[in-house]
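*Asks:* Next up is a structure, given as structure tokens.
Protein chains: 2
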Amino acid sequence: MSQTVDRALSILPLLAEGPADLGQVADRLGVHKSTALRLLRTLHEHGLVYRQSDQRYRLGARLFALAQEAMENLDIREIAHPHLVRLNESCGHTVHLAVYEEKEVLYIDKVESRYPVRMYSRIGKPVAITVAAVAKLLLADLPAAERRALAEQLDYPLYTARSIPNAEAFLKELATVREQGWATDLGGHEESINCVAAPVRGADGRVVAAMSVSAPNVVVTAEELLTLLPLVRRTADAISGEYSGRTPVKGTPA
Amino acid sequence: MSQTVDRALSILPLLAEGPADLGQVADRLGVHKSTALRLLRTLHEHGLVYRQSDQRYRLGARLFALAQEAMENLDIREIAHPHLVRLNESCGHTVHLAVYEEKEVLYIDKVESRYPVRMYSRIGKPVAITVAAVAKLLLADLPAAERRALAEQLDYPLYTARSIPNAEAFLKELATVREQGWATDLGGHEESINCVAAPVRGADGRVVAAMSVSAPNVVVTAEELLTLLPLVRRTADAISGEYSGRTPVKGTPA
DNA sequence: CTCGACTGTTGCATTATGTGCAACGGTCAT
DNA sequence: ATGACCGTTGCACATAATGCAACAGTCGAG
Chain G
1 MSQTVDRALS ILPLLAEGPA DLGQVADRLG VHKSTALRLL RTLHEHGLVY
51 RQSDQRYRLG ARLFALAQEA MENLDIREIA HPHLVRLNES CGHTVHLAVY
101 EEKEVLYIDK VESRYPVRMY SRIGKPVAIT VAAVAKLLLA DLPAAERRAL
151 AEQLDYPLYT ARSIPNAEAF LKELATVREQ GWATDLGGHE ESINCVAAPV
201 RGADGRVVAA MSVSAPNVVV TAEELLTLLP LVRRTADAIS GEYSGRTPVK
251 GTPA
Chain C
1 MSQTVDRALS ILPLLAEGPA DLGQVADRLG VHKSTALRLL RTLHEHGLVY
51 RQSDQRYRLG ARLFALAQEA MENLDIREIA HPHLVRLNES CGHTVHLAVY
101 EEKEVLYIDK VESRYPVRMY SRIGKPVAIT VAAVAKLLLA DLPAAERRAL
151 AEQLDYPLYT ARSIPNAEAF LKELATVREQ GWATDLGGHE ESINCVAAPV
201 RGADGRVVAA MSVSAPNVVV TAEELLTLLP LVRRTADAIS GEYSGRTPVK
251 GTPA
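So the protein sequences, as listed, match chains G and C. Counted from 1, the first sequence has number 243 at position 243 by UniProt numbering; the numbering is strictly sequential. Counted from 1, the second sequence has number 123 at position 123 by UniProt numbering; the numbering is strictly sequential.
What follows is the structure, given as structure tokens:
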């Protein structure tokens with residue numbers, strides 16, 4: 001809609017791939033060097049872009065700070081956090097909180113396992129959308145048309161033999177998840193890692209977030225992990241209650 | 001330099017404070033609603049801004065993804081990570097890696113403590129620059145003029161009784177740190193938490209990053225933590241060697 | 001149920017604004 | 001010393017962003 005801003009913003013994903021010099025940026029934007037220079041300067045003034053010692057540009061520090069701040073201001077996250085911690089204390093495994101936004105699912109909070117073997121994940125990182133238990137819950141709640149459309153434009157990478165292979169299987173799985181109100185991922189992303197997940201709902205019943213407990217096979221079997229399902233669901237419901245204002249928050253008297 | 005981009009980017013920190021509607025954005029930018037709308041639309045197309053169900057805008061998911069990607073592409077981080085993990089395995093405490101950029105110090109990597117009592121910190125979050133051990137190392141390496149200028153424009157919050165109170169004390173501390181080549185923070189940020197830190201240097205000897213080991217009093221005393229100093233320094237030196245290309249990286253034959 | 005106030009949205013004329021060009025200056029390798 | 005290369009600046013031109021005013025949709029009050 002706004003050409004100048006559009007061009008400037010296009011620089012960011014470009015730099016995310018790795019540092020680049022002025023010429024490279026200008027080329028990939030299809031503009032004159034001087035134009036690229038001015039755009040980069042403006043980005044630089046706002047701290048979004050950093051000029052390293054070899055004169056090349058890369059993404060800047062303020063980007064991290066912004067992402068941080070934004071995350072900390074998410075109210076679901078704030079409300080959910082103590083519940084996640086408590087859940088982690090009682091079961092010991094890794095606990096995740098995730099939201100759906102613009103065709104992506106991302107982790108917005110995480111409490112690390114107390115066991116030495118941990119799974120790799122990072123707050124802010126997009127989730128493997130076709131297999132993760134939290135993603136299933138979030139997508140299962142989308143309007144049918146949107147869900148179908150999204151399912152069809154997704155890629156279905158075969159992380160493991162148990163990964164969901166195509167749109168058809170995925171939609172079927174989403175229907176099941178939608179029906180039962182919880183989801184699992186049994187080795188669909190990493191061969192040895194299983195997850196159980198439950199939805200957090202807003203006052204209108206829509207799923208606003210999803211939380212999961214993950215653990216590797218070497219710590220507990222899938223069956224053992226499944227015994228945690230009631231606890232996970234209870235925790236998610238507690239968060240839902242607080243988020244939708246049904247449960248009064250202690251320390252905030254009316 | 002570029003007015004349009006400048007305005008558009010000014011929206012981001014504004015939204016980081018919390019969601020805002022069109023009118024508020026327009027007001028705070030000092031522009032007409034229609035221009036604010038167009039700017040927001042462009043930001044939206046790039047995924048930097050998200051429109052929540054109540055029509056208000058907040059920062060979008062791609063921001064996180066960008067920050068993530070940028071972080072993972074930092075070569076210091078990539079090189080350092082295995083060393084940090086190894087250090088954590090041998091001492092058990094929280095290990096941090098931080099860099100300086102544009103008057104801020106931020107954590108770019110972290111390995112969590114194996115002890116149940118942990119300190120709060122988050123990757124990407126700006127560090128308490130006046131007290132953190134890693135910050136001291138990074139600032140101590142700045143050119144004298146820049147160091148002095150920065151020290152004088154900083155705030156000196158009194159987190160604890162042992163926090164550094166003013167520019168004068170800070171510059172003196174930086175001089176010491178510069179001299180000795182390592183730094184500590186003994187309860188200057190959180191009363192019960194101590195840190196030992198060492199610098200990572202590039203081929204030219206300049207400090208490119210700093211790493212630290214942190215632990216609460218309840219786990220080890222400050223004296224005990226200090227016995228780890230040689231180990232921390234050796235780890236930092238190992239990273240320096242690899243980063244500056246002196247140590248060949250295994251698996252990457254010449 | 002109607003009215004009015006408010007917020008977001010669109011089309012358009014004005015001109016401020018961003019653009020490409022060409023020329024300059026510095027750095028590095030030959 | 002020389003030339004090629006990259007970043008930088010000033011300027012004339014026209015594109016592209018701006019503010020205006022009018023429209024549409026939503027909500028709450030009377």
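Beta carbons are placed, not taken as given, at the ideal position from N, Cα and C, and that holds for glycine. These numbers come from a predicted model, not from an experiment.
Compute the beta-carbon to beta-carbon distance between C:L106 and G:F64, rounded to the nearest angstrom, for a pair I have assumed lies under 8 Å.
*Replies:* Indeed, because the Cβ distance is near 6 Å, the residues count as touching under 8 Å.
*Asks:* Quick check on the burial criterion: 16 or more other C-beta atoms within 10 angstroms. Buried or exposed for C:K250?
*Replies:* Low per-residue confidence applies at C:K250: pLDDT is 36, beneath 50, and the placement is therefore not dependable enough to give any value.
*Asks:* Taking the continuous alpha helix (DSSP H) assigned at C:K33, which residues delimit it?
*Replies:* 33 to 45 is the extent of the alpha helix (DSSP H) around C:K33.
*Asks:* From G:D155 to G:R206, what does the alpha carbon distance come to, in whole angstroms?
*Replies:* Using only the alpha carbons, I get a separation of about 26 Å.
*Asks:* Thinking just about the alpha-carbon of each residue, which of C:D75, C:E190, C:L87, C:A8 is nearest to the one in C:V49?
*Replies:* The shortest Cα separation from C:V49 among C:D75, C:E190, C:L87, C:A8 belongs to C:A8.
*Asks:* Sort out for me which residues DSSP pairs G:Y50 with in a bridge.
*Replies:* Answer is G:R58, bridged to G:Y50.
*Asks:* Where do the N-terminal and C-terminal ends of the alpha helix (DSSP H) with G:A197 fall, by residue?
*Replies:* First-last for G:A197: 193 to 201, but that is the beta strand (DSSP E), not the alpha helix (DSSP H).
*Asks:* Are there three or more Cβ pairs, one per stretch, closer than 8 Å when the region 9 to 22 of chain C is compared with the region 32 to 41 of chain G?
*Replies:* No: the two stretches stay apart, fewer than three of their Cβ pairs being nearer than 8 Å.
*Asks:* Give me, in chain order, the residues of the same chain whose beta-carbon lies closer than 7 Å to that of C:L43; leave out the 5 immediate sequence neighbours on both sides.
*Replies:* Once the five neighbours on either side are set aside, the close Cβ partners of C:L43 are A8, I11, V49.
*Asks:* Please check the pair C:M211 and C:V25, which I expect to be a contact at CB under 8 Å, by giving their CB distance rounded to whole angstroms.
*Replies:* Contact doesn't hold; Cβ gap of about 40 Å is too wide.
*Asks:* If we ignore side chains and look at the alpha-carbon of each, how far apart do C:E190 and C:Q153 end up?
*Replies:* Between C:E190 and C:Q153, the C-alpha separation is close to 23 Å.
*Asks:* Do G:T221 and G:G187 have their beta-carbon atoms positioned less than 8 Å apart in this structure?
*Replies:* In this structure, G:T221 does not lie closer than 8 Å to G:G187 by Cβ.
*Asks:* If contact means a Cβ-Cβ distance below 9 Å, which residues of the region 4 to 25 of chain G contact chain C?
*Replies:* Answer set for the region 4 to 25 of chain G: T4, V5, D6, R7, A8, L9, S10, L12, P13, L15, A16, E17, G18, P19.
*Asks:* Measuring alpha carbon to alpha carbon, tell me which residue in G:Y57, G:L97, G:A175, G:D141 is nearest G:D204.
*Replies:* Comparing Cα positions, the closest option is G:D141.
*Asks:* To the nearest angstrom, how far is it from the Cα of C:R234 to the Cα of C:V196?
*Replies:* Distance between the alpha carbons of C:R234 and C:V196 is about 13 Å.
*Asks:* Please return the same chain residues whose Cβ sits closer than 8 Å to the Cβ of C:Q68, not counting the five positions on each side in sequence.
*Replies:* Cβ within range, chain order: n/a, list empty.
*Asks:* Taking only beta-carbon positions, decide if C:R201 is within less than 8 Å of chain G.
*Replies:* Output row for C:R201: interface = no.
*Asks:* To the nearest angstrom, how far is the alpha carbon of C:P126 from that of C:L150?
*Replies:* Looking at the two C-alpha atoms, the distance is approximately 16 Å.
*Asks:* Going by DSSP in three states, C:S240 sits in which element: helix, strand or coil?
*Replies:* Helix at C:S240.
*Asks:* Hey, could you find the ends of the beta strand (DSSP E) C:K110 is sitting in?
*Replies:* Run containing C:K110: 104 to 111, per the beta strand (DSSP E) assignment.
*Asks:* Within the continuous beta strand (DSSP E) that includes G:T94, where are the two ends?
*Replies:* Element bounds for G:T94: 94 to 101.
*Asks:* Who does C:M211 pair with in a DSSP beta bridge?
*Replies:* Partner(s): C:L97, C:A198.
*Asks:* Kindly indicate if chain C contains any beta-carbon less than 8 Å away from that of G:P216.
*Replies:* Not one chain C Cβ lies under 8 Å of G:P216.
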